[in-house]
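Protein chains in written order, with this note's numbering: chain A, 4 to 333; chain B, 244 to 329; chain C, 31 to 432.
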């Protein structure tokens, strides 16, 4: 069930109200128009027609790669890879394209937007940007996909499919007609990851495990899923990203019994959750300045039943790297 | 009629439109620069250029005509001919 | 005890629903009979030139499950469940093995048909786009990792590799892996808009090809550690012997004309399998019918096989079942497994072959499989490439270590 470990050497985040990785633990701000300044985050030619979500991902990847120093440039192209988590990322754009078909016909679709009916296109531009020829992998699910991306990256590194992986999550706000409540996620998080076997981890290491809890039998099935998932000695500090679905409720109840020995923080996920919040939590924890190593667990569960937890070993370090300071101001 | 004008299509207007679509300074869009080989235009960007030409000059370009859009000078001749007969 | 035998990955269960019918026997018979025919897509507001796909007979699209966790389900998750049940029954895995069975699915446009139908009816609230993997997990009773891969047209090629890596790493002894796609207005519209939708049929390597044509359906495969299969007395169909990934890092939609990265994926997959070019008795190419893809892939095959390229038979699967996008890799793996089992390659659909695509597509009659392995390619927008090698297990004892 467990996959090999990853060491995190660079952090990048682009999200409303967030200037530096240290800010990532704050509650997510609503995306207001103009929150993202593409011109300063992505100067140069060839970005204008990209969907905004694509730009968030590219901007966050630049920050993570920059924060990792010269690591990427020292890595051969075929040893570079990307794993990108998405869920609602293409929702608003897909609706717009489909409405064009319904109203005016396919001939009126925007040529440069049309490829984004393929969800992997959000990650594709990343490979061009950073000369990634190892592989580019897209994983989709509500809530958990960001942590699943870490697990997929770790497995691929262990199988020698890459040495460096940009692990990201990207979301775009739902359109007003799609959203059932305010607060849909927007922004991107990218972690620059390498094999944990390679030596000292700058920000820390993580190991990820996944499981499935059938939403139709969430209460009765919870123990059989969560006990093995968390193991015998889970870290004392647990952040759980949960919604109020049957699965989220069952997870919260199961975690309740841990309190006393454990410090459990519930991070609410909206009903139409994207996959950004859990990976943002991981980034925020890794970014905090600390004097001694610490263990921390980030757990995420989705209404449809996927459950993933990332066990972090946070490394002692001073303030976050230069990449954070260069984050686009909002 | 100035040398820059054919029918109602001003060459400099056209140059500005293409420079805007290609995200390039206008001076790089010379009359004869090859869109694909000199200016790095890919198939999707070429389609976007065609969309803007159709919109601005109220013309329709078929698939063969789109493939023939290789340089500013060629585009100018084609658009002018289309506008002239419109 | 774990042995090297537990690192070998074998195929022990198969399931399929496609335009040629439900079940693996119907699928193979359908390929031998020349595949399916395009039909009109049953979606409203289909305002585009090319409106056809290779469609599963609507009577064979299961009605259940109709919902999962409050989300109304379109055809793709339902097709996935049907094919998954077939594959598990075929593998003969005991019910008590199901909770430990990870599910890895390649799904591209997931629940699109449900969302599009609702949109046409004025209902716009958004639900999760790709629920199929979770739906299958719930239906089969899995409590293990569930992964939904979104790598467009190579999604299930990636899914197969992930599943294989899970077994090789000892994370699981068996994995349910595959792909499923329904119909999609937005997807068809985009291919129409980009000039990549053939109005006639899917005709890869044909000089008149004008793009691809989609197909729906689901293919599911049970992968298993060879030692696990042997201990429970299961007879494997074939071995998934090698897999490799690469990325063009070239363009959003166009393939890198050099073909360097697809050659690397093929080379690495064969190396992973411990095989050489002369061990390949059949290639199931990505071959979509888009003009540039087929030329680039043909040239890459020449770089792989050199002077003997014209002696390696290709089976152009998409000409028979359409381009099943996220499920294409799973259908190719299913087909490779059946080719190995029956030791012959169905006759390709007759085409007017493009001389730029200088590859061998036997069209007269089925040809016998002349070497132990089948090579599969799956590619996608953004240059996301996978190559897989499926080989026979008939000539060696399932217990023989490698």
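Even glycine gets a Cβ: it sits at the ideal position worked out from N, Cα and C.
Remember, it's a predicted structure, so these values are computed and weren't measured experimentally.
Excluding the 5 residues flanking it on each side, residue 98 (chain C) has same chain C-beta neighbours closer than 8 Å at 107, 161, 164, 165 and 168, in chain order.
Straight-line measurement puts the Cα of residue 268 (chain A) at about 30 Å from the Cα of residue 179 (chain C).
For residue 54 (chain A), not one C-beta of chain B is nearer than 8 Å to its own C-beta. Under the rule that a run must span 3 or more residues, the beta strand (DSSP E) segments found entirely inside the stretch 192 to 236 of chain A read 207 to 215. Identification of chain A residues near residue 290 (chain B) by a Cβ-Cβ cut-off of 7 Å yields 114, ordered along the chain. Note that the C-beta distance between residue 278 (chain A) and residue 212 (chain A) is not below 8 Å. Of A:238, A:190, A:185 and A:180, the smallest CA-CA separation from residue 15 (chain A) is found for A:190. Rounded to whole angstroms, the separation of the alpha carbons of residue 263 (chain C) and residue 132 (chain A) is 50 Å. Residue 337 (chain C) and residue 128 (chain A) have their alpha carbons spaced roughly 36 Å apart. In this model, residue 120 (chain C) and residue 257 (chain C) are separated by some 18 Å (Cα to Cα). Below 8 Å, enough C-beta pairs join the stretch 77 to 95 of chain A and the stretch 136 to 143 of chain A to call them touching: three or more.
At a beta-carbon threshold of 9 Å, the residues of chain B lying near residue 48 (chain A) are 265, 266, 267 and 283, ordered along the chain. Between residue 314 (chain B) and the set B:279, B:298 and B:256, the nearest pair of CA atoms involves B:279. In this structure residue 212 (chain C) touches residue 246 (chain C) by the C-beta definition: roughly 5 Å separates them, less than 8 Å. Taken through DSSP and simplified to helix, strand or coil, residue 116 (chain A) comes out as coil. Between residue 307 (chain A) and chain C, the shortest Cβ-Cβ separation is below 8 Å. When 8 Å is used as the limit between beta carbons, residue 146 (chain C) is near these residues of chain A: 101, in chain order. Contact residues of the stretch 282 to 301 of chain C toward chain B are 282, 283 and 284 (C-beta to C-beta distance below 8 Å).
With fewer than 16 neighbouring CB atoms inside 10 Å of its own CB, residue 328 (chain B) falls in the exposed class.
Within chain B, 266 have C-beta atoms less than 9 Å from the C-beta of residue 51 (chain A), given in sequence order. The stretch 165 to 191 of chain C contains, as complete beta strand (DSSP E) runs of 3+ residues, the segments 176 to 179 (chain order). Against chain B, the CB of residue 219 (chain C) has no partner CB under 8 Å away; the residue lies outside that interface.
Residue-level contact by beta carbon holds for residue 181 (chain C) and chain A, with a gap shorter than 8 Å. When rounded, the separation of the alpha-carbon atoms in residue 180 (chain A) and residue 44 (chain C) is 41 Å.
Proximity of residue 260 (chain B) to chain C, defined by a Cβ-Cβ separation below 8 Å, is not satisfied. In the DSSP annotation of this structure, the continuous segment of the alpha helix (DSSP H) that includes residue 107 (chain C) starts and ends at 105 to 121. Per DSSP, reduced to three states, the secondary structure at residue 280 (chain C) is coil, with no helix or strand assignment.
A residue is called buried when at least 16 other Cβ atoms come within 10 angstroms of its Cβ; residue 54 (chain A) meets this threshold and is buried.
Contact of residue 242 (chain A) with chain C by beta-carbon distance below 7 Å is absent, the smallest such distance being about 20 Å. Contact of residue 88 (chain C) with chain A is not assigned, every C-beta pair being separated by 8 Å or more.
Taking each of C:220, C:111, C:385 and C:307 in turn and checking the Cα distance to residue 236 (chain C), the smallest one comes out for C:385. Per the coordinates, the alpha-carbon of residue 253 (chain B) lies some 8 Å from the alpha-carbon of residue 319 (chain B). For residue 139 (chain A), the enclosing beta strand (DSSP E) stretches over residues 138 to 143. Listed as beta-bridge partners of residue 52 (chain C) by DSSP are C:47.
Not one beta carbon of chain C lies nearer than 8 Å to the beta carbon of residue 308 (chain B).
The straight-line gap separating the alpha-carbon atoms of residue 69 (chain C) and residue 261 (chain A) is approximately 57 Å.
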